[in-house]
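K.L.:
Residue numbers (my numbering), protein chains in the order written: chain A, 45 to 157; chain B, 5 to 117. A virtual CB, placed ideally from N, CA and C, is assigned to each residue, including glycine.
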Amino acid sequence: GENVEQHPSTLSVQEGDSAVIKCTYSDSASNYFPWYKQELGKRPQLIIDIRSNVGEKKDQRIAVTLNKTAKHFSLHITETQPEDSAVYFCAASIPGTASKLTFGTGTRLQVTL
Amino acid sequence: DAEITQSPRHKITETGRQVTLACHQTWNHNNMFWYRQDLGHGLRLIHYSYGVQDTNKGEVSDGYSVSRSNTEDLPLTLESAASSQTSVYFCASSDGSGAYEQYFGPGTRLTVT
């Protein structure tokens with residue numbers, strides 16, 4: 045089955061700096077890669093996703109890049125703010141599995157003042 | 005507004021007892037999922053369903069069962085609770101028409117003593 049690895053497990057940045065979280069996946073057939081943000085005590089919520097026919101997608105301060113050849117994808121957050129502090133999860137989905145996702149183990153991002 | 009709810013939000017039970025966690029969604033989604041979340045492991049899939057009367061095992065299904073008698077509900081049963089099943093449990097749903105986004109419930113914190 046699919047295996048998703050996520051790094052780093054913790055990341056601390058100063059407010060205004062950029063943050064990058066990286067994930068690799070094992071199944072080259074995977075075609076959907078979402079990123080979820082989970083604030084303390086809350087449910088995971090989708091913040092951005094990308095499909096395998098696209099190399100990059102942006103939404104304001106966040107962007108996701110995908111390298112299908114290397115089987116890795118990354119989340120980029122620019123101009124970080126304290127409210128960006130949370131745990132971020134990447135995931136991957138294989139076609140024909142009705143959106144079944146395999147998640148990475150999460151990255152705890154701390155944005156310091 | 006459509007939503008996904010879980011009950012109870014907190015549960016303490018004793019080893020060996022049967023426990024059922026409820027998940028109810030009003031999105032009219034075909035796909036429903038149960039995950040457990042533990043520190044260092046991210047979100048791991050327990051069981052999932054593609055529709056009424058359909059259930060499938062995920063990566064950590066031992067000791068758990070589900071049933072799908074209607075579109076809205078996917079209850080998760082712990083047949084004989086064990087301390088290793090102390091965790092936070094999330095239910096999620098997604099549309100079965102090709103959209104991949106999963107919407108998560110608020111979670112249930114289960115403690116097995």
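1) Identify whether A:E127 lies in helix, strand or coil by the three-state DSSP scheme.
2) Around the Cβ of B:N35, are there at least 16 other Cβ atoms within 10 angstroms (buried) or fewer (exposed)?
3) Contact between the region 130-140 of chain A and the region 66-76 of chain A is defined here as three or more beta-carbon pairs at a separation below 8 Å; is this criterion met?
4) Taking the C-alpha atoms as reference points, what is the distance between B:W31 and A:T113?
5) Can you confirm whether A:S143, when its beta carbon is compared against all beta carbons of chain B, has any partner nearer than 8 Å?
6) Within the continuous beta strand (DSSP E) that includes A:D103, where are the two ends?
7) For the region 103-117 of chain B, which residues have a CB atom closer than 9 Å to at least one CB atom of chain A, in sequence order?
8) Bridge partners of B:N60, per DSSP?
9) Sort A:V108, A:I92, A:I91 by Cα distance to A:G99 and report the nearest one.
10) Decide if A:D128 is buried, meaning its Cβ has at least 16 other Cβ atoms within 10 Å, or exposed.
11) I'd like to know whether the C-beta of B:H45 is nearer than 8 Å to at least one C-beta of chain A.
12) Within the 8 Å Cβ cut-off, does A:R87 reach chain B?
13) Answer with yes or no whether the minimum CB distance from A:Y69 to chain B is below 8 Å.
14) Going along the chain, which residues of its own chain have a beta-carbon closer than 6 Å to the beta-carbon of B:W38, five neighbours each way excluded?
15) List the endpoints of the continuous beta strand (DSSP E) containing A:Q89.
16) In terms of residues, what are the limits of the beta strand (DSSP E) holding B:T115?
17) Give me the Cβ distance between A:T124 and A:V57, rounded to the nearest whole Å; I'm assuming they're in contact under 8 Å.
18) Strictly under 8 Å for the Cβ-Cβ distance: is A:G150 near chain B by that measure?
19) For chain A, check one thing: does any of its Cβ atoms lie closer than 8 Å to the Cβ of B:S65?
20) Can you list, in chain order, the residues of the region 30-43 of chain B whose Cβ is nearer than 7 Å to any Cβ on chain A?
21) Can you give me the C-alpha to C-alpha distance between A:T146 and B:H45, rounded to a whole angstrom?
22) Quick one: residues in its chain with C-beta nearer than 8 Å to the C-beta of A:Q89, no 5 flanking neighbours on either side, listed in chain order?
P.N.:
Answer, in terms of the structure:
1) Translated into the one-based positions of the first sequence, residue 127 of chain A becomes position 83. In this structure, A:E127 counts as helix in the three-state DSSP scheme.
2) The residue labelled residue 35 of chain B in the question sits at position 31 within the second sequence. Per the 10 Å Cβ criterion, buried.
3) yes
4) Numbered from its first residue, the second sequence carries residue 31 of chain B at position 27. Numbered from its first residue, the first sequence carries residue 113 of chain A at position 69. Taking the Cα positions, B:W31 is about 36 Å away from A:T113.
5) The residue you call residue 143 of chain A lines up with position 99 of the first sequence. Yes, contact with chain B.
6) Your numbering for residue 103 of chain A matches position 59 in the first sequence. That run of the beta strand (DSSP E) goes 100-103.
7) Those would be A103, Y104, E105, Q106, Y107, F108, G109, P110, G111, in chain order.
8) Locating residue 60 of chain B in the second sequence gives position 56, counting from the first residue. DSSP lists B:Y52 as partners of B:N60.
9) Numbered from its first residue, the first sequence carries residue 99 of chain A at position 55. For A:G99, the nearest C-alpha among the options comes from A:V108.
10) As a first step, residue 128 of chain A must be located in the first sequence, where it is residue number 84. The residue in question, A:D128, is buried, as its Cβ has 16 or more Cβ neighbours within 10 Å.
11) Taking the first residue of the second sequence as position 1, residue 45 of chain B is located at position 41. Judged by the 8 Å Cβ criterion, B:H45 is in contact with chain A.
12) In the first sequence, residue 87 of chain A corresponds to position 43, counting from 1. Interface residue, yes.
13) Looking up residue 69 of chain A in the first sequence gives position 25. So, not an interface residue.
14) Taking the first residue of the second sequence as 1, we reach residue 38 of chain B at position 34. Around B:W38: I50, H51, L80, C95.
15) To locate residue 89 of chain A, count along the first sequence from 1; it is residue 45. First-last of the beta strand (DSSP E) with A:Q89: 89-95.
16) Along the second sequence, read from residue 1 onward, the residue named residue 115 of chain B stands at position 111. Bounds of the beta strand (DSSP E) holding B:T115 are 112-116.
17) Translated into positions along the first sequence, residue 124 of chain A becomes position 80. Translated into positions along the first sequence, residue 57 of chain A becomes position 13. Sure, about 5 Å apart at Cβ, within 8 Å.
18) Here residue 150 of chain A refers to the residue found at position 106 when the first sequence is read from its first residue. Interface residue, yes.
19) Numbered from its first residue, the second sequence carries residue 65 of chain B at position 61. Output row for B:S65: interface = no.
20) N35
21) Position 102 of the first sequence holds residue 146 of chain A. Position 41 of the second sequence holds residue 45 of chain B. Spanning the two alpha carbons is a distance of roughly 12 Å.
22) Reading the first sequence from its first residue, position 45 is the one you call residue 89 of chain A. Correct list, in chain order: Y80, K81, Q82.
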